[in-house]
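The next block holds one structure in the form of C-alpha cells; read it before the comments.
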Amino acid sequence: MRTKTILLITAILFSLTAKGQEKVGKLDFRIGCGVSLLGSGDMTTFVYENELNYKINNYLTSAVSINLGRSNYGAYENSAFTQGNLNILLSPFKNNKKSDFRIGTGLTYYTVSDAYITSSSYRNGQVVDVVYNIESRNSYGINVVIENTSRISDKLFWGAKLYSQPYFNGDINTGILLKLGMKI
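The sequence shown runs 4 to 187 under our numbering.
Following this line, the structure appears as C-alpha cells:
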C-alpha cells in the first residue's frame, strides 16, 4: 500500500513538472540599435532601445520600451533624447513561433536636449573660448510601428523594426532598428 501511494505521488509530481515545462513564456526582452532622423530630419541619431513584450495571444502583444538617442551630426552641435513608449502590436498572420510580422501603434513621450554654439573667441587663428546654449523640450506623440522577427532557437530571435513618431509639438522621429531578443 505504501509503495503504491509513493509511486502515485511521484507520478503526479512528475506529470505536473513535465506539464509546467511545456508552458510557453508570454514575456520576452529585446534590445536594439539603429538610426533615426530626429526633429523632421534635423539630426541623424544613433538609437539604443530596451523593450519588454507581453504576448496577449497569437495575434496581440503589448510592449513597453525605453529609447536613448544621441547625435552630433545635423542642425545642432549635439542632440540627445530619452523616450518612453507604450504600444499594442497586431500579428495579422499569427505569431507562428518561427516568424512574427507585426504592426502597431501606441503612445510615446520624449525629452530632447539640443546644444549649439552661440559665440566663439579666437586668438591667433585658434579657438580659445566657445559658449554653448542648450535648449530642452518634451512632448507626447503617437507611435507607428512595423516589425518582423525570426527565431534563432526556442528562446532567441532577431529582427528589424521600422517606426515613425509624430509628436504633438511638431517634431517627428523616424528610424530603423536591428533587434535581438530572448524569451523570459
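From the three backbone atoms N, C-alpha and C, an ideal C-beta is built for every residue, glycine too.
For Ser-68, the CB contacts under 6 Å within the same chain, skipping 5 residues up- and downstream, are Glu-52, Glu-54, Asn-88 in chain order.
DSSP lists Arg-33, Phe-160 as the beta-bridge partner residues of Gly-184. Look at Asn-98 here: in three-state DSSP terms it is coil, with no helix or strand label. In the three-state reduction of the DSSP assignment, Gly-77 falls in the strand class.
Fully contained in the stretch 130-160 is no beta strand (DSSP E) run of length 3 or more. Inclusion of Val-148 and Leu-92 in the CB contact set at 8 Å is warranted, their separation being smaller than that value.
For Ile-179, the three-state secondary structure derived from DSSP is strand.
Note on geometry: alpha-carbon atoms of Asn-56 and Val-38 lie some 22 Å from one another.
Around the CB of Glu-138, fewer than 16 other CB atoms lie within 10 Å, so the residue is classed as exposed. In this structure, the CA atom of Lys-58 is about 6 Å from the CA atom of Leu-30. Under the three-pair Cβ rule at 8 Å, the stretch 92-109 counts as touching the stretch 142-157.
With respect to the C-alpha of Ala-163, the residue from Cys-36, Leu-71, Val-131 having the closest C-alpha is Cys-36. For Ser-122, the closest of Asn-136, Ser-116, Gly-128 by C-alpha to C-alpha distance is Asn-136. In the DSSP assignment, the residues bridged to Thr-85 are Leu-71, Thr-114. The residue among Phe-171, Gly-173, Asn-151 with its C-alpha nearest the C-alpha of Leu-181 is Asn-151.
For Asn-60, DSSP assigns no beta-bridge partner whatsoever.
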